[in-house]
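Participant: Each residue of the sequence shown is one higher than the one before, starting from 916 at the first, in my numbering. For glycine and all other residues, C-beta sits at the position ideal for the given N, C-alpha and C. Before I ask anything, let me first share the structure, which is written out below as structure tokens.
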Amino acid sequence: GGAWGVCTRVTVCAVAAMGLIGAAYRGLNHHHPATAVLLGLGDVPTVDAGLLGHADEAMHRADERRETARLARVDARRAERRAGKKESANHDESSNAHRVEPKCRLLFYYHVPKTGGGSIVRYFHESNDVDIVRYESTKYITPAMGEIYNWNSASHDDHWDRYVVPQAMKPGNHLVVEHWGRPGMVEMGSRVADLRQKAENAGCEVMTSTTLRDPIDRDVSDDVFRRMHGGKDAGIDYLGDEQTRFLLLNSERARDGVAPRDLYGDHRARVEAEGALRAATRILRDDFDLVATIDDLEAQKDAFVDFFKLESRAKDVKKSAEKSEPLGREHAIDYAKEGVDATRMKELRAKFERSNDLDKQLYRIAAEMSASDERLDKHRA
């Protein structure tokens, strides 16, 4: 009798427990189907497609918040770096007798076409105090241009690793200029960071810089300049948002997945365009120490003169770059002489107004960075 009673009680308890488990399963599967699936207790729930849209929007907002926080951290680090340099400079002024001159000064300049970079390069090329190290590959490079001609047909890696880096690490002042025909900053960011690390480890000072221009002014200038020098080929490869494209990709301006040929043709292209703008903005803020617009080109030149310490050089050095020497304008265009009257100028500006959504936004960011840079502000008229 005792054994039978125990068995009865166990059976009743087991049935009751199974009932509770079943109720719990039904409740969980009804109210929390996703959790039930994770526990292996239910079928994959059917989700309203609209909910996915809300989830995507929420994820997008979260990504934007994370990106904003990341950029804030980058800005804070840049401010700390500038403050550290300013404090170091003040300390050096009070103890010049103990100051150790850097082995070299290396300035990497990313030359976006038709933004004034030609004038910058010409200015320092005419100085005996700065070595110009070119990183480009175009049909316009001739034997008369010197050693760059020997590297014109070399691969990106060979040109950079075997020529640019060793040359830039030599004692003295070096202006490393990247222009047409080499990788954009999507790839160059890591190369420049490695060069910076090597140079600083060797006791060199490093600065990175670029210049942007109002996109409509830039495109008009580029269009007329091409027609002046390229004849029937002028303008046939214009894709729009040329500064953003060149900053990211250089001559590979339509690489799929980064900046497609038609940035505004469909939803996918628009998403890629927005991604391209975020990438370009990150590059301006993370990879360049000094970002200027062409309106501040003279001040940018003087900031470079400061970096190279050329203001203290003797004035009797032949063609020595000096702060008092104005910046000449390379490839300046006389629009009237080229037949661009008021009517034609209006037509050109209207044409390029329609294809510069990204460049307009990127230029506003560059203008803000240029306006707030103390190194430029001290030289503004």
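Spatial neighbours of residue 1107 within its chain, please: C-beta separation below 7 Å, excluding the five flanking residues on both sides.
Facilitator: Within the same chain, residue 1107 has close Cβ partners 1023, 1123 and 1202.
Participant: Would a C-beta distance cut-off of 7 Å place residue 1018 and residue 1083 closer than the cut-off?
Facilitator: Not closer than 7 Å, so no.
Participant: Any chance you could list the alpha helix (DSSP H) runs of at least 4 consecutive residues sitting entirely within the stretch 1098-1133, in chain order?
Facilitator: Segments of the alpha helix (DSSP H) lying fully in the stretch 1098-1133: 1100-1116.
Participant: Can we say the stretch 1057-1075 touches the stretch 1035-1043, given the rule of at least three CB pairs closer than 8 Å?
Facilitator: In short, these stretches do not touch, since the Cβ pair count stays below three.
Participant: Of the choices 1296, 1222, 1077 and 1190, whose alpha-carbon is the least far from that of residue 1110?
Facilitator: Measuring from the Cα of residue 1110, the nearest candidate turns out to be 1077.
Participant: So who's on the other strand from residue 1088, going by DSSP bridges?
Facilitator: Note: residue 1088 sits in a beta bridge opposite 1020.
Participant: Which residues mark the beginning and the end of the alpha helix (DSSP H) in which residue 1046 is found?
Facilitator: Looking at the DSSP string, residue 1046 is not in any alpha helix (DSSP H); the run it does join, the beta strand (DSSP E), is 1046-1050.
Participant: Given residue 1208, which residues of its chain have a CB within under 6 Å of its CB, disregarding the five upstream and five downstream residues?
Facilitator: These residues qualify, in order along the chain: 1127, 1281, 1282 and 1285.
Participant: Can you name the residues that DSSP bridges to residue 1025?
Facilitator: Answer by DSSP bridge pairing, in chain order: 1093 and 1125.
Participant: Going straight from the alpha carbon of residue 1055 to that of residue 1028, what length do you get?
Facilitator: For residue 1055 and residue 1028, the distance between alpha carbons rounds to 14 Å.
Participant: Give a yes or no on whether the C-beta atoms belonging to residue 1214 and residue 1291 are separated by under 7 Å.
Facilitator: Yes, these two residues count as a Cβ contact at 7 Å.
Participant: Residues bridged to residue 1309 by DSSP?
Facilitator: Absent from the structure is residue 1309, since the part of the chain shown begins at 916 and ends at 1296.
Participant: What span of residues does the alpha helix (DSSP H) with residue 1300 cover, start to end?
Facilitator: The requested residue 1300 does not occur in the structure, where the chain is confined to residues 916 to 1296.
Participant: Between 1136, 1212 and 1035, which lies nearest to residue 1091 when the distance is taken from Cα to Cα?
Facilitator: The residue with the shortest Cα to Cα distance from residue 1091 is 1035.
Participant: Mind checking whether residue 1101 and residue 1021 have CB atoms under 7 Å apart?
Facilitator: Contact flag unset, no.
Participant: Identify the continuous alpha helix (DSSP H) that holds residue 1216 and give its terminal residues.
Facilitator: Taken as a continuous stretch (DSSP letters only), the alpha helix (DSSP H) holding residue 1216 covers 1212-1223.
Participant: Less than 7 Å between C-beta atoms, sequence neighbours within five positions excluded: which residues of the same chain meet that for residue 1098?
Facilitator: Around residue 1098: 1071 and 1165.
Participant: Taking only the alpha-carbon atoms, compute the straight-line gap between residue 1256 and residue 1263 and give it to the nearest angstrom.
Facilitator: Their Cα atoms are separated by approximately 11 Å.
Participant: With a threshold of 6 Å, establish whether the CB of residue 1191 neighbours any heavy atom of the ligand ADP.
Facilitator: With respect to the ligand ADP, the structure shown offers nothing to examine, as it has no ligands at all.
Participant: Alpha carbon to alpha carbon, how far is residue 1015 from residue 1271? Give it in angstroms, no decimals.
Facilitator: About 47 Å.
Participant: Starting from residue 1274, trace the alpha helix (DSSP H) both ways and give me its first and last residue.
Facilitator: Run containing residue 1274: 1272-1286, per the alpha helix (DSSP H) assignment.
Participant: Distance, Cα to Cα, residue 1129 vs residue 1030?
Facilitator: The straight-line gap from Cα to Cα measures roughly 9 Å.
Participant: Relative to the alpha-carbon of residue 1206, which residue among 1053, 1248, 1141 and 1279 has its alpha-carbon at the smallest distance?
Facilitator: Comparing Cα positions, the closest option is 1279.
Participant: Taking the alpha helix (DSSP H) that residue 1260 falls in, what are its first and last residues?
Facilitator: It spans 1257-1268 - the alpha helix (DSSP H) in which residue 1260 sits, taken as one unbroken run.
Participant: Do residue 1159 and residue 1025 have their beta-carbon atoms positioned less than 7 Å apart in this structure?
Facilitator: Going by C-beta atoms, residue 1025 is not nearer than 7 Å to residue 1159.
Participant: Using the C-alpha atoms, what's the distance from residue 1134 back to residue 1266?
Facilitator: One C-alpha to the other measures close to 10 Å.
Participant: Round the Cβ separation of residue 1273 and residue 1191 to the nearest angstrom and send it over; I've been treating them as touching at under 8 Å.
Facilitator: Residue 1273 to residue 1191, Cβ: 6 Å. Contact.
Participant: Look up residue 1033 in the DSSP assignment and say whether it is helix, strand or coil.
Facilitator: Residue 1033 falls in the helix class under three-state DSSP.
Participant: Take the Cβ of residue 1268 as the centre, count every other Cβ of all protein chains shown within 10 Å, and call the residue buried at 16 or more, exposed below.
Facilitator: Label assigned to residue 1268: exposed.
Participant: Since residue 1047 and residue 1139 should fall inside the 8 Å C-beta cutoff, what is the C-beta to C-beta distance between them, to a whole number of angstroms?
Facilitator: Going by Cβ atoms, the distance from residue 1047 to residue 1139 rounds to 27 Å, so no, they are not a contact pair.
Participant: For residue 1252, count the other beta carbons within 10 Å of its own beta carbon; 16 or more makes it buried, fewer makes it exposed. Which is it?
Facilitator: The residue in question, residue 1252, is exposed, as its Cβ has fewer than 16 Cβ neighbours within 10 Å.
Participant: Apart from the five residues just before and just after residue 1006, which ones in its own chain have a Cβ nearer than 6 Å to its Cβ?
Facilitator: Low local confidence applies: a pLDDT of 48 at residue 1006 is under 50, so the model's placement there is unreliable, with the coordinate-based value given in what follows. Excluding residues within five positions, none has a Cβ falling inside 6 Å.
Participant: Grab me the residues of residue 1057's own chain with a C-beta within less than 7 Å of its C-beta, minus the 5 sequence neighbours each way, in chain order.
Facilitator: Excluding sequence neighbours, residue 1057 sits near 1064.
Participant: Please name the residue, chosen from 1075, 1224 and 1157, that lies closest to residue 1132 on a Cα-to-Cα basis.
Facilitator: Nearest option by C-alpha distance: 1157.
Participant: Kindly list the residues whose CB is nearer than 6 Å to the CB of residue 1050, restricted to its own chain and excluding five residues on each side of it in sequence; keep chain order.
Facilitator: Taken in chain order, the residues that qualify are 1079, 1093 and 1097.
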